[in-house]
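Only one structure is covered here, and it is reproduced in the block below.
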Amino acid sequence: MIYSLAKGIVRAFLYLYHRIQANGMKKIPAAGPVIVVGNHVSYLDPVYIGAMLPRRIHFMAKQEIFRNAVMRCLLNIAGAFPVNRDKPQIQTMRTALHYLQNGEVVGIFPEGGRRQGNTFDELKQGAAYLAVKSNCPVVPVCIEGTEQALPRGSVWIRPVSVRMEVGQILYPPATGSVKEKQLWLTEQIQREFIRLKSTPASSRTVEFLR
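Numbering (UniProt numbering), first residue to last: 1 to 210.
Here you go:
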């Protein structure tokens, strides 16, 4: 109830304040386990992606944020769970696998933190590992504009245009060792991020979800 209300408020804010353009939302499977991977340029990314995608997403969030009582409360409402970015703990992976085994959506930023500029950092393999272990699809999402909406060090959200593009669904390969599957899938995620980032806005079919 609280989650649905908060999601509706954020979505309305995105339309009115950012005139958000969202493309490819129908690619998200309507049911079953899914891992959503996103590029990460702003603290706004998980909030905005979670508000726009049609299904509830359980995001991995860096454990330091949970130390703040207010943020911990908000993250718990959102269904997020903590992760040590430098050394993911077994419990974190078990939590993610639990959600996936129950047919839910897990959100991960495989760059491991916010980045600056137009290039992508080397991706961590956690998302690919979970996909291989649970044999579930991975859906890349590229978000643009949030780095201008909330620049580093700023506390005010600016009314700039925000765009979101859902990429092609990726599946773990059927053959190979677990390590080989992880490496292959991580490479495919990276390539899809690059493709989405390089797609001219004018060539995108924009969907305004109401």
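Glycine included, C-beta positions come from ideal geometry on N, C-alpha and C.
Q. Excluding five sequence neighbours on each side, which residues of the same chain lie with their C-beta closer than 6 Å to the C-beta of Trp184?
A. Non-local beta-carbon contacts of Trp184 in its own chain, meaning distances under 6 Å to residues more than five positions away in sequence, involve Pro173 in chain order.
Q. Using the beta-carbon count (16 or more within 10 Å), is Leu100 buried or exposed?
A. Counting the other Cβ atoms within 10 Å of the Cβ of Leu100 gives 16 or more, which makes it buried.
Q. Quick one: Cα of Ala31 to Cα of Thr186, how far?
A. If I take the Cα positions, the gap works out to 23 Å.
Q | As assigned by DSSP and simplified to three states, the class of Leu123 | A | Leu123 falls in the coil class under three-state DSSP.
**Q.** Whole-angstrom distance between Leu53 and Phe13, CA atom to CA atom
**A.** Whole-angstrom Cα-Cα distance: 15 Å.
Q: Give the range of the beta strand (DSSP E) segment to which His18 is assigned.
A: Neither: His18 is in no beta strand (DSSP E) and is coded neither H nor E.
(Q) With the cut-off set at 9 Å, would you say Ala78 and Pro46 are in Cβ contact? (A) Cβ atoms of Ala78 and Pro46: closer than 9 Å.
Q | Chain-order list of residues whose beta-carbon lies under 7 Å from that of Ile194 (same chain, five-residue window excluded) | A | Excluding positions up to five away in sequence, the list reads Phe120.
Q | Inter-residue spacing [alpha-carbon to alpha-carbon] between Ile9 and Glu180 | A | Looking at the two C-alpha atoms, the distance is approximately 42 Å.
Q: Pull up the CB-CB distance for Gly145 and Val162, whole angstroms please, since I reckon it's below 8 Å.
A: Between the beta-carbon of Gly145 and that of Val162 there is about 4 Å, and that keeps the pair under the 8 Å contact cut.
Q. Under the criterion of a Cβ to heavy atom distance below 8 Å, does His40 qualify as lining the ligand NAD?
A. This structure lacks the ligand NAD; in fact it carries no ligand of any kind.
Q | Close beta carbons around Ile20, own chain, < 6 Å, minus the five adjacent residues each side | A | Excluding sequence positions up to five before and after Ile20, its CB lies within less than 6 Å of the CB of Leu14, Val162, all in the same chain and listed in chain order.
Q: Could you name the residues of the same chain whose beta carbon sits closer than 6 Å to that of Gly107, not counting the 5 residues immediately before and after it, in chain order?
A: Val36, Ile57, Phe59.
Q: State the DSSP-derived secondary structure class of Phe13, mapped to helix, strand or coil.
A: Residue state, collapsed to three classes: helix.
(Q) Give me, in chain order, the residues of the same chain whose beta-carbon lies closer than 8 Å to that of Ala80; leave out the 5 immediate sequence neighbours on both sides. (A) Taking C-beta separations shorter than 8 Å and ignoring five residues to either side along the sequence, the partners of Ala80 in its chain run Pro46, His58, Phe59, Met60, Ala61, following chain order.
Q: Please name the residue, chosen from Met164, Val141, Gln190, Val132, that lies closest to Gly176 on a Cα-to-Cα basis.
A: Distance check between Gly176 and each of Met164, Val141, Gln190, Val132 places Val132 closest, using alpha-carbon atoms only.
Q) Is the CB-CB distance between Gly38 and Cys136 below 9 Å? A) It is not a contact, given that the beta carbons lie outside the stated cut-off.
(Q) Are the CB atoms of Ala127 and Pro110 within a distance shorter than 9 Å? (A) Cβ atoms of Pro110 and Ala127: closer than 9 Å.
Q.
At the level of alpha carbons, what is the spacing between Gly112 and Tyr3?
A. A direct Cα-Cα distance of roughly 25 Å separates Gly112 from Tyr3.
Q. Exposed or buried, what is Met1 when buried is set at 16 or more other beta-carbons lying within 10 Å of its beta-carbon?
A. Exposed is the label assigned to Met1, since fewer than 16 other Cβ atoms lie within 10 Å of its Cβ.
Q) What do you get for Gln188, buried or exposed, if any count of 16 or more other CB atoms within 10 angstroms of its CB means buried? A) Buried, by the Cβ-count rule.
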